[in-house]
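Asks: Numbers 20 to 390, taken from my numbering, label the letters of the sequence shown in order.
For every residue, glycine included, the Cβ atom is placed at its ideal position computed from N, Cα and C.
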Amino acid sequence: MRGAERPPSPVGPAERDDLALMEGYHSPQLDVAVRLNTNEAPEAPPREFVEALTRSLGKVEWNRYPDRAASELRARVAEREGLAPDQVFAANGSNEVLQTLCLAFGGPGRAAAVFEPTYALHSHIPRTTGTRVVVGERAADFTLDLNEVERVLAEAEPAITFLCSPNNPTGMVEAADTVERVLEEVIRIGGILVVDEAYGQFAARSALSMVADDLPVVVTRTYSKTWSMAAVRLGYMAGPASVVSTLEKVVLPYHLGTMTQIAGIVALDFVEQMKARVAALVEERGRLLASLTELPVEVWPSEANFILFRPLGMSGARVWRELVERSVLVRDCSSWPRLRDCLRVTVGTPEEDNAFLDALSTVLLGGTEGA
Ligand SMILES: Cc1ncc(COP(=O)(O)O)c(C=O)c1O
20 MRGAERPPSP
30 VGPAERDDLA
40 LMEGYHSPQL
50 DVAVRLNTNE
60 APEAPPREFV
70 EALTRSLGKV
80 EWNRYPDRAA
90 SELRARVAER
100 EGLAPDQVFA
110 ANGSNEVLQT
120 LCLAFGGPGR
130 AAAVFEPTYA
140 LHSHIPRTTG
150 TRVVVGERAA
160 DFTLDLNEVE
170 RVLAEAEPAI
180 TFLCSPNNPT
190 GMVEAADTVE
200 RVLEEVIRIG
210 GILVVDEAYG
220 QFAARSALSM
230 VADDLPVVVT
240 RTYSKTWSMA
250 AVRLGYMAGP
260 ASVVSTLEKV
270 VLPYHLGTMT
280 QIAGIVALDF
290 VEQMKARVAA
300 LVEERGRLLA
310 SLTELPVEVW
320 PSEANFILFR
330 PLGMSGARVW
340 RELVERSVLV
350 RDCSSWPRLR
360 DCLRVTVGTP
370 EEDNAFLDAL
380 STVLLGGTEG
390 A
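(1) With respect to the beta strand (DSSP E) encompassing V133, which residues constitute its N-terminal and C-terminal limits?
(2) Examine ligand 1 and report whether any of its heavy atoms sits within less than 7 Å of the Cβ of A260.
(3) Out of S75, E34, R66 and R35, which has the shortest C-alpha to C-alpha gap to V285?
(4) Is the stretch 335-349 touching the stretch 44-64 in the sense that three or more CB pairs, one from each, lie closer than 8 Å?
(5) Grouping DSSP H, G and I as helix and E and B as strand, with all else coil, what is E3?
(6) Quick one: is the Cβ of N58 within less than 7 Å of any heavy atom of ligand 1?
(7) Classify A374: buried if its beta carbon has 16 or more other beta carbons within 10 angstroms, exposed otherwise.
(8) On the DSSP letters alone, give me the boundaries of the beta strand (DSSP E) that C183 sits inside.
(9) Express the C-alpha separation of V214 and C391 in angstroms, rounding to a whole number.
(10) What are the partner residues of F394, as DSSP defines its beta bridges?
(11) Using C-beta distances below 7 Å, list every residue in its chain close to L314, excluding the 5 sequence neighbours before and after it, in chain order.
(12) Could you please give the first and the last residue of the uninterrupted beta strand (DSSP E) stretch that includes D351?
(13) Look at the Cβ atom of L324, then the Cβ atom of Y218, and state whether they are nearer than 8 Å.
(14) Considering only C-alpha positions, which residue in the set E176, D160, G155 and L275 is nearest to N166?
(15) Considering only residues of the same chain and omitting the five flanking positions on each side of L253, which have a CB-CB separation below 6 Å?
(16) Give the DSSP-derived three-state secondary structure of V30 in the structure shown.
(17) Compute the Euclidean distance between the alpha carbons of D160 and A71, then round it to the nearest angstrom.
(18) Is any non-hydrogen atom of ligand 1 found closer than 7 Å to the C-beta of A249, if you look at the structure I gave you?
(19) Is DSSP giving P259 helix, strand or coil here?
(20) If you follow the alpha helix (DSSP H) that L275 is part of, which residue opens it and which one closes it?
(21) How would you write the range of the alpha helix (DSSP H) that P145 sits in, first residue to last?
(22) Please name the residue, chosen from S247, R151 and I211, that lies closest to V236 on a Cα-to-Cα basis.
(23) Do S310 and L362 have their C-beta atoms within less than 8 Å of each other?
(24) At what residue ranges does the stretch 284-332 contain a whole run of the beta strand (DSSP E), taking only runs of 3 or more?
(25) Looking at ligand 1, does it come within less than 7 Å of G16, judged from the CB to the closest heavy atom?
(26) If you draw a straight line from the C-alpha of A88 to the C-alpha of S261, how long is it?
(27) By a C-beta neighbour count over all protein chains shown, 10 Å radius and 16 as the cutoff for buried, is W81 buried or exposed?
(28) Just to confirm, does G149 get its C-beta within under 7 Å of one of the non-hydrogen atoms of ligand 1?
(29) Would you grab the beta carbon distance between A131 and I208 for me? Rounded to a whole angstrom, and I think it's under 8 Å.
(30) Looking only at its own chain, which residues have a Cβ that is under 8 Å from the Cβ of S334, when we skip the five neighbours before and after it?
(31) By how many angstroms is the C-alpha of T147 removed from the C-alpha of E272?
(32) Can you grab the Cα-Cα spacing for the pair G149 / R66, in whole Å?
(33) Should P136 and T189 be called a contact, given that it needs their Cβ atoms to be closer than 8 Å?
(34) Quick check on the DSSP output: the beta strand (DSSP E) that includes L241 runs from which residue to which?
(35) With a floor of 4 residues, list each alpha helix (DSSP H) that falls wholly inside the stretch 161-232, ordered by position along the chain.
(36) Here's the rule I'm using: 16 or more other beta-carbon atoms within 10 Å means buried, otherwise exposed. How should K244 be labelled?
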């Protein structure tokens, strides 16, 4: 047994050399009143969903392994997205989908390309699978620079190229012709394009319509955000049937538990409620953005459920600390590559967002809280 504060002493073989240099992925959680740091949905799914799920769980054969192929879930997701069931792969969160893609198509001697700033796990997951990461730069306004994409792909010939749309943490969606141009380059080098649409339903555009059996493009989605089901850990990928069958070779048998599969199936009976929650969040995002533009911050428009901003006249780290002192937690991106002084706030309930805006005004303008 070890004490709570002491770092564990190493035991057994030394860890892999490439892991020794890596830091794990951390998103600090603090005990605060208003948590707007991990892009979760602010509201739970409807009570009717929980009741229907509870009824379905009553029928589970607990002594049996789950349906290894997750057939019903995949069929239902496929039906909803206009795909064939063999074009859908499901896993424990879209992060596990990304990991399975890296296990299947990355690994020693292969590379994955990312365009920073973007989702940190698009670099972290490849590294944990022994995949070299090649980093391209976005333009100063965070849009994707196609010349840079061309350069990185021609030089490194990555097996995997990641795009994130809407991009975390900038909130921007890639234009359809941009994704098409990137795909052309990916095809030229014989790679695969992964479009991470964890926030896809909050945006006006999606790459899902590009998915076809003869194109090396996959789109990943999650139940964690729009479906208000972060606790479940369920995500999926839409892609060519041949890619799905390759992923099935590397994923652990029975990786997706029966409860998870059932939760994903039952949720699909509540699509209208999901759409209503998303529409409300999109409206609230507009209000939050408008309020932020009245404060001394630089702010980027967003098509996701979060907004990136940079306080002016005060360091991002200090603003983050002062918000925590007022029991409001946002994501501190101020030390991330190319995001000096930036913070990211998740769109919450109107009450949570008001608490955040009040605290931020007080920190930046020195006003009276609640005024
Ligand atoms: C861009 C992006 N992709 C994937 C994920 C992971 O989602 P999941 O909960 O499905 O693993 C996140 C979570 O924050 C994300 O921001």
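Replies: By the coordinates alone:
(1) Locating residue 133 in the sequence shown gives position 114, where the first residue counts as 1. Taken as a continuous stretch (DSSP letters only), the beta strand (DSSP E) holding V133 covers A130 to E135.
(2) The sequence position of residue 260 within the sequence shown is 241, counting from 1. Not so, every heavy atom of ligand 1 lies at least 7 Å from the Cβ.
(3) Numbered from 1 along the sequence shown, position 266 holds the residue referred to as residue 285. Shortest Cα-Cα distance from V285 to any of S75, E34, R66 and R35 involves S75.
(4) yes
(5) Since the displayed the chain opens at 20 and closes at 390, residue 3 lies outside it and no answer follows.
(6) If you number the sequence shown from 1, residue 58 lands on position 39. Yes, Cβ of N58 sits closer than 7 Å to a heavy atom of ligand 1.
(7) Locating residue 374 in the sequence shown gives position 355, counting from the first residue. That one is buried.
(8) Numbered from its first residue, the sequence shown carries residue 183 at position 164. Run containing C183: I179 to C183, per the beta strand (DSSP E) assignment.
(9) For residue 391 there is no data in the structure shown, the boundaries of the chain being 20 and 390.
(10) Here the chain comprises residues numbered 20 to 390, so residue 394 is not present and cannot be evaluated.
(11) Taking the first residue of the sequence shown as position 1, residue 314 is located at position 295. The residues are L379, S380 and L383.
(12) For this step, residue 351 is matched to residue 332 along the sequence shown. Per DSSP, D351 belongs to the beta strand (DSSP E) from V347 to D351.
(13) Locating residue 324 in the sequence shown gives position 305, counting from the first residue. Locating residue 218 in the sequence shown gives position 199, counting from the first residue. Note that residue 324 corresponds to Asn in the displayed sequence, not to Leu. Going by C-beta atoms, N324 is nearer than 8 Å to Y218.
(14) The count along the sequence shown starts at 1 and reaches residue 166 at position 147. For the residues E176, D160, G155 and L275, the minimum Cα distance to N166 belongs to G155.
(15) In the sequence shown, residue 253 corresponds to position 234, counting from 1. Cβ-Cβ distances below 6 Å link L253 to Y242, T279 and G283 in the same chain, with the five nearest sequence neighbours on each side left out; the list follows chain order.
(16) Here residue 30 refers to the residue found at position 11 of the sequence shown. If DSSP states are grouped into helix, strand and coil, V30 belongs with coil.
(17) For the purposes of this step, residue 160 is identified with residue 141 of the sequence shown, where counting begins at 1. For the purposes of this step, residue 71 is identified with residue 52 of the sequence shown, where counting begins at 1. Whole-angstrom Cα-Cα distance: 45 Å.
(18) Position 230 of the sequence shown, counted from the start, is the residue given in the question as residue 249. Answer for A249: yes, Cβ within range of ligand 1.
(19) Counting from 1 along the sequence shown, the entry for residue 259 is found at position 240. Three-state DSSP puts P259 in coil, outside helix and strand.
(20) In the sequence shown, counting from the first residue as 1, residue 275 sits at position 256. L275 -> no alpha helix (DSSP H), and no H or E assigned at all.
(21) Here residue 145 refers to the residue found at position 126 when the sequence shown is read from its first residue. Residues L140 to T147.
(22) In the sequence shown, the residue the question calls residue 236 occupies position 217. Of the candidates S247, R151 and I211, the one whose C-alpha sits nearest the C-alpha of V236 is I211.
(23) Taking the first residue of the sequence shown as 1, we reach residue 310 at position 291. Taking the first residue of the sequence shown as 1, we reach residue 362 at position 343. Result no, Cβ atoms of S310 and L362 do not sit closer than 8 Å.
(24) 316-318 and 325-330
(25) Residue numbering for the chain in the displayed model covers 20 to 390; residue 16 lies beyond these limits and cannot be assessed.
(26) Within the sequence shown, the letter at position 69 stands for residue 88. Within the sequence shown, the letter at position 242 stands for residue 261. Using only the alpha carbons, I get a separation of about 15 Å.
(27) As a working note, residue 81 is residue 62 in the sequence shown. Counting Cβ neighbours within 10 Å, W81 comes out exposed, since fewer than 16 surround it.
(28) Here residue 149 refers to the residue found at position 130 when the sequence shown is read from its first residue. Because no heavy atom of ligand 1 lies under 7 Å away, the Cβ of G149 does not count as near it: no.
(29) In the sequence shown, counting from the first residue as 1, residue 131 sits at position 112. In the sequence shown, counting from the first residue as 1, residue 208 sits at position 189. Rounded, the Cβ-Cβ distance is 13 Å, inconsistent with contact.
(30) As a working note, residue 334 is residue 315 in the sequence shown. Cβ within range, chain order: S353 and D360.
(31) Taking the sequence shown and counting its residues from 1, the one referred to as residue 272 is at position 253. Taking the sequence shown and counting its residues from 1, the one referred to as residue 147 is at position 128. First, the amino acid is wrong: residue 272 is Pro here, not Glu. So the alpha carbons of these two residues sit roughly 20 Å apart.
(32) Mapped onto the sequence shown, residue 149 falls at position 130. Mapped onto the sequence shown, residue 66 falls at position 47. Cα-Cα distance, rounded: 43 Å.
(33) Translated into the one-based positions of the sequence shown, residue 136 becomes position 117. Translated into the one-based positions of the sequence shown, residue 189 becomes position 170. Cβ distance < 8 Å, so P136 and T189 count as in contact.
(34) For the purposes of this step, residue 241 is identified with residue 222 of the sequence shown, where counting begins at 1. Rather than Leu, the amino acid found at residue 241 in this sequence is Thr. V236 to T241 is the span of the beta strand (DSSP E), which, as asked, contains T241.
(35) 165-175 and 195-207
(36) Taking the sequence shown and counting its residues from 1, the one referred to as residue 244 is at position 225. Buried is the call here.
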